[in-house]
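J.: Pasting a structure here, questions to come.
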Amino acid sequence: MAKVRGQGMAAINYPTGMNLGGDPSQALIHASTTGNFIISLSSTDLGQGLKTVIAQIGAETLGVPFDTVIIDTADTDTGPHCMGTFASRATHRVGNAVMMAANEAKKALLDVAADELEASPDDLELDGNGSIVVKGVPDRSISVIDTALAAHFKHGKTIAGRGIYMKPKSEVDPLTGEMDPDSTEAHACTVAEVEVDTETGEVKVLSLKSAYEVGQQVNPALVEGQIVGGALMGIGHALYETTNPYYPAIDHGPLNFSDYLMPGPAELPEMESVVLEFPSSNGPYGVKGVGEMTANCPIPAIVNAINNALGVRITTLPVTPEVVLRALEERRGPSQSNLPIANFPTECSS
Amino acid sequence: MGANVLEKAAEKKYRVVGQSVPRRDGMGHVTGATKFVGDVHYPGMLHLKMVRSPVPHAKINSIDFSEAEKVPGFVRVLTHRDVPKNIYTILCLIGVGPDDEPVLAVDRVRYQGEPMAAILAETEEAALEAVAKVKLDLEELPAVFDVEEALKPGAPIVADTGVNYFIYEGHHCRRVRYGDVEQGFAQADFIVEETYNTKPIEHAPTETTGCVAKPEADGRVTVHTNTQALYFSLDNTALILQVPFQKLHFVGGTVGGGFGGKVDVITEPITTLAAMKTGRPVKFIYSRVEEMQVSSPRSAWRLKYKDGVTKDGRIVARQITSYADAGAYNRHTPYAVTKHAANVAGPYTIPNVHIDAHCVFTNHTPGSAFRGFGVTMASFAIELQMDKIAATVGLDPWEIRFINAYRNGDVRPHRKVAEDVTFIETMQAAAKLAGHDLPEHLLAMNSWDRNGGQHG
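Chains as they are written, first to last, in this note's numbering: chain A, 5 to 354; chain B, 874 to 1329.
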């Protein structure tokens, strides 16, 4: 018996935003007298880094230092409505809402600064380091914190902004399926290399090389986190994971992480990716959603690589050693069968 | 090609967008300092555990709590009679119906693990001991587990509508009709058919699903939850408990992994009810076993493709019949099937498409949302099918995808004109990264100009 290698590829699209739209999110921003801007939301960070990327979008639009933008989420008494974190929507929807709110707050900030500097608001700009300067006259400036203090204690004005983003809901035509199911489309293509042990049926993913096109990246390290994490989920889906190993039967369901196999450090393949940035037409700074799609391309790329290695056509998930051995057996023909017929491998466990 | 897009990208001069600033919560997560729902404790807090069905389909004759009530620390039990609007469906908020799922089973259980009664006790151990002492008198019913078996006449009926499929505006499936597939098949040199099957998959988040509900002195209830959608959970909880939305205050936003598994609104309604009934804080957090076998998995799918392809590799007709195993109740699957129908023909421009996508009810654990919502398993099937087409026609797997790739301005089967498309550029970049030399005519193609570099 031998270890054989194969290569496979797959390419996908993935829509950004809740299918059919109708999924609004709001953001509120205010400047406090500490010099910070607080962005109030009811949006959830699932561990993907939403709190960080939203602060980046807020800081970029306001023109203030990243560290002075505070994210206050999630509390339904203080945060305005958000539809939720799903459908690769949060950076796109909440980011757009934050941009709108930040532009309103920035206008209020510049109006007060203009009074303080005796200049026109149109002649002012934020320097990104916490100061508002008269364009072309660097020594005529006022800090953001002094502007916030002046607004509150001297002018009796608020520095605040409101934002919302909503894609109107589309209906589905029940006869033709006509609908508007996306805000923008992200893309991925993965080349997988695998090694299959034809004696044990075990598959090892040797490498995953992927290109992603996700519009403008807000935080490349967090995009890479999604790509690597999604690839590991993809390996799990392709080779190991199911809650019903004998589906549609419901027996032998795993109850914990000893029974429910997932890829660990030992299963990490060589991973390399390149990210293209073609800004979307309607995302904040041109972003597209990268959250969900990163498991989708590795799965078929891995299975195509297994089929390429073995000269078979496996069409089920997950591709467990049993599936591999049965596919090899089918390729050899029934006369050379060396497997028990029913319920392999549970029936022959010692 | 897309000159305006590329110029726009080149012009950008952002300060912090595009920078890999360290994530704000990273240090808290890796040092254990981040506070999750499981870390919320209150004095006098009760613990909730579920009595669950041991079988996939049964009539409930009776439930006997007499021995459970004797367990030291037992406080009370909640049954369907305690739940003001016991039958609900999560997506009623966006117009999906009818209501179909009980918070607590009424007279029938339809999947193994279905909640039948909630036990409240002073400690988690007492709650578990009391649950173990509940005696169930169940009459098992024939169950159905296969999606196509479930649609056959005479199959055990799971849903209260009397049919084992979700009804889409009077139709038994979500349909997409574009062009004329029969005409397309007639033009084809090859017919390529295949069936693809997948199994249910668990989200496997680090943090299991759960919440803590605390009655406040002012009559409101504060709910700490790891939901992915705070208002979604609040609204559904208020509707189920028939209390004004203003009475509820939901707090969350920091979640240890969701992947779609935490949009089910599955612990908040019963826990909030328990807090209101007892006047005490109540915690209900899934065990790992519940997360594995009771929480909604990614639905299993069966997808049948029939493609008509010409000798030069053009897909001229694609017919798809697909089945999502929704399990016993709606949850998010009806909506997932619609998203699936929008995407299951793939990122390819095909003149004739016919899709019947079914949302089927069986006696499996209800499926729900999962990263890639109706699309992940479509992408699996599409991309295996593309390899099969390539082998049938005798073309390279890359070539077959470039030939059929969708581009900006193409009309998709759901009739939306494609925009923001960079499918070809993405494949070119992946080939380069992997060291796969594409032939000149594929390298010359782009997503904006259909004539650029195209052969034939």
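All C-beta atoms in this analysis are idealised placements derived from N, C-alpha and C, irrespective of residue type, glycine included.
#1: How long is the line joining the alpha carbons of A:Ile-3 and A:Glu-245, rounded to whole angstroms?
#2: According to DSSP, is B:Gln-1327 helix, strand or coil?
#3: Do the segment 1249–1265 of chain B and the segment 1283–1292 of chain B meet, that is, are 3 or more Cβ pairs less than 8 Å apart?
#4: Kindly list the residues whose CB is nearer than 8 Å to the CB of A:Lys-110, restricted to its own chain and excluding five residues on each side of it in sequence; keep chain order.
#5: B:Trp-1174 bridges to which residues according to DSSP?
#6: Please go through the segment 1109–1189 of chain B and give each complete beta strand (DSSP E) segment of 3 or more residues, from N-terminal end onward.
#7: Tell me whether B:Leu-1268 sits in a helix, a strand or coil according to DSSP, three-state version.
#8: Go ahead and pull the three-state DSSP assignment for B:Leu-1311.
#9: Does B:Ile-1193 pass the burial test, meaning 16 or more other C-beta atoms within 10 Å, or should it be called exposed?
#10: What is the residue span of the beta strand (DSSP E) that A:Met-275 lies within?
#11: Residues in the segment 897–916 of chain B with C-beta within 9 Å of chain A's C-beta atoms, listed in sequence order?
#12: Identify the continuous beta strand (DSSP E) that holds B:Phe-1234 and give its terminal residues.
#13: Do you know how far the Cα of B:Gly-1129 is from the Cα of B:Arg-1153?
#14: Interface residues of chain B around A:Ala-106 at Cβ under 9 Å?
#15: Leaving out five residues on either side along the sequence, give the residues of the same chain with a beta carbon under 6 Å from the beta carbon of B:Ala-1215.
#16: Quick one: what's got a C-beta closer than 6 Å to A:Glu-199's C-beta in the same chain, skipping five residues either side?
#17: Please name the residue, chosen from A:Glu-108, A:Leu-24, A:Ala-91, that lies closest to A:Leu-32 on a Cα-to-Cα basis.
#18: Buried or exposed: A:Phe-157, going by 16 or more other Cβ atoms within 10 Å of its Cβ?
#19: What residues of chain A sit near B:Gln-1166, judged by a beta carbon separation below 7 Å?
#20: For A:Leu-272, which option in A:Glu-281, A:Gly-257, A:Gly-240 has the closest C-alpha, if you only look at C-alpha atoms?
#21: Taking a cut of 8 Å between CB atoms, which residues from the segment 62–77 of chain A lie near chain B?
#22: Tell me where the beta strand (DSSP E) around A:Arg-335 begins and ends.
#23: May I ask you to report which of helix, strand or coil DSSP gives B:Lys-1289?
#24: Less than 8 Å between the beta carbons of A:Gly-39 and A:Ala-152, yes or no?
#25: Taking a cut of 9 Å between CB atoms, which residues from the segment 1056–1072 of chain B lie near chain A?
#26: Within 8 Å of any Cβ in chain B, is that where the Cβ of A:Thr-204 sits?
#27: Let me know if B:Thr-1079 comes out buried or exposed under the rule of 16 or more other beta-carbons within 10 Å of its beta-carbon.
#28: Is the beta carbon of A:Gly-21 closer than 8 Å to that of A:Lys-171?
#29: Would A:Pro-349 be called buried (16 or more neighbouring beta carbons within 10 Å of its own) or exposed?
#30: Am I right that B:Ala-1102 and A:Thr-188 are in contact with their C-beta atoms under 8 Å? What's the rounded C-beta distance?
#31: Starting from B:Lys-1008, trace the beta strand (DSSP E) both ways and give me its first and last residue.
#32: Helix, strand or coil: how does DSSP classify A:Val-209 here?
#33: Compute the Euclidean distance between the alpha carbons of B:Arg-1244 and B:Gly-1134, then round it to the nearest angstrom.
#34: Which of helix, strand or coil does DSSP assign to A:Gly-356?
T.: In this structure, then:
#1: Coverage of chain A is limited to positions 5 through 354, which leaves residue 3 of chain A absent and any answer about it impossible.
#2: For the purposes of this step, residue 1327 of chain B is identified with residue 454 of the second sequence, where counting begins at 1. Summary for B:Gln-1327: the model assigns pLDDT 48, below 50, so the residue's position carries little reliability; its value from the coordinates is reported in the next sentence. DSSP places B:Gln-1327 in coil when its eight states are reduced to three.
#3: no
#4: Mapped onto the first sequence, residue 110 of chain A falls at position 106. The answer, listed in chain order, is Thr-65, Leu-66, Gly-67, Leu-130, Gly-165.
#5: Residue 1174 of chain B sits at position 301 when you count from the first residue of the second sequence. BP columns for B:Trp-1174 point to B:Ala-1197.
#6: 1121–1124, 1155–1158, 1174–1182
#7: The sequence position of residue 1268 of chain B within the second sequence is 395, counting from 1. Coil at B:Leu-1268, not helix or strand.
#8: By 1-based counting over the second sequence, the position of residue 1311 of chain B is 438. Reduced to three states, the DSSP call for B:Leu-1311 is coil.
#9: Counting from one through the second sequence, the residue named residue 1193 of chain B turns up at place 320. By the neighbour-count rule (16 or more Cβ atoms within 10 Å), B:Ile-1193 is buried.
#10: Stepping through the first sequence from its first residue, residue 275 of chain A is reached at position 271. Unbroken beta strand (DSSP E) run through A:Met-275: 274–280.
#11: Arg-897, Asp-898, Gly-899, His-902
#12: Indexing the second sequence from 1 puts residue 1234 of chain B at position 361. First-last of the beta strand (DSSP E) with B:Phe-1234: 1226–1234.
#13: Here residue 1153 of chain B refers to the residue found at position 280 of the second sequence. Here residue 1129 of chain B refers to the residue found at position 256 of the second sequence. Using only the alpha carbons, I get a separation of about 26 Å.
#14: Along the first sequence, read from residue 1 onward, the residue named residue 106 of chain A stands at position 102. Per Cβ cutoff of 9 Å: no residues; A:Ala-106 is ~12 Å from chain B at best.
#15: On the second sequence, position 342 is the one that residue 1215 of chain B refers to. Cβ within range, chain order: His-1287.
#16: Mapped onto the first sequence, residue 199 of chain A falls at position 195. Lys-7, Arg-9, Lys-208, Leu-210.
#17: Position 28 of the first sequence, counted from the start, is the residue given in the question as residue 32 of chain A. Looking at the Cα atoms, A:Glu-108 is the closest of the given residues.
#18: In the first sequence, residue 157 of chain A corresponds to position 153, counting from 1. Result: exposed.
#19: Your numbering for residue 1166 of chain B matches position 293 in the second sequence. Near B:Gln-1166 (Cβ distances below 7 Å), the residues of chain A are Thr-247, Gly-257, Leu-259.
#20: Within the first sequence, numbered from 1, the residue matching residue 272 of chain A stands at position 268. Checked all of A:Glu-281, A:Gly-257, A:Gly-240; the closest Cα to A:Leu-272 is A:Gly-240.
#21: Ala-63, Glu-64, Gly-67, Phe-70, Ile-75, Thr-77
#22: Translated into positions along the first sequence, residue 335 of chain A becomes position 331. Careful: A:Arg-335 lies outside any beta strand (DSSP E), inside the alpha helix (DSSP H) at 325–336.
#23: Translated into positions along the second sequence, residue 1289 of chain B becomes position 416. B:Lys-1289: coil per DSSP, three-state reduction.
#24: The residue labelled residue 39 of chain A in the question sits at position 35 within the first sequence. The residue labelled residue 152 of chain A in the question sits at position 148 within the first sequence. Closer than 8 Å, so yes.
#25: Glu-1067, Thr-1068, Tyr-1069, Asn-1070, Thr-1071, Lys-1072
#26: As a working note, residue 204 of chain A is residue 200 in the first sequence. No, A:Thr-204 does not count as interfacial toward chain B.
#27: Taking the first residue of the second sequence as position 1, residue 1079 of chain B is located at position 206. Exposed, by the Cβ-count rule.
#28: Mapped onto the first sequence, residue 171 of chain A falls at position 167. Mapped onto the first sequence, residue 21 of chain A falls at position 17. Yes.
#29: What you label residue 349 of chain A is simply residue 345 of the first sequence in a count that begins at 1. Unreliable placement is indicated for A:Pro-349, whose pLDDT of 33 sits below 50; the coordinate value is still reported in the next sentence. So A:Pro-349 counts as exposed.
#30: Translated into the one-based positions of the second sequence, residue 1102 of chain B becomes position 229. Translated into the one-based positions of the first sequence, residue 188 of chain A becomes position 184. Going by Cβ atoms, the distance from B:Ala-1102 to A:Thr-188 rounds to 21 Å, so no, they are not a contact pair.
#31: The residue labelled residue 1008 of chain B in the question sits at position 135 within the second sequence. Residues 1008–1013.
#32: In the first sequence, the residue the question calls residue 209 of chain A occupies position 205. Reduced to three states, the DSSP call for A:Val-209 is strand.
#33: On the second sequence, position 371 is the one that residue 1244 of chain B refers to. On the second sequence, position 261 is the one that residue 1134 of chain B refers to. Cα to Cα, B:Arg-1244 sits roughly 9 Å from B:Gly-1134.
#34: Within the shown structure, residues of chain A are numbered from 5 to 354, placing residue 356 of chain A beyond reach of any answer.
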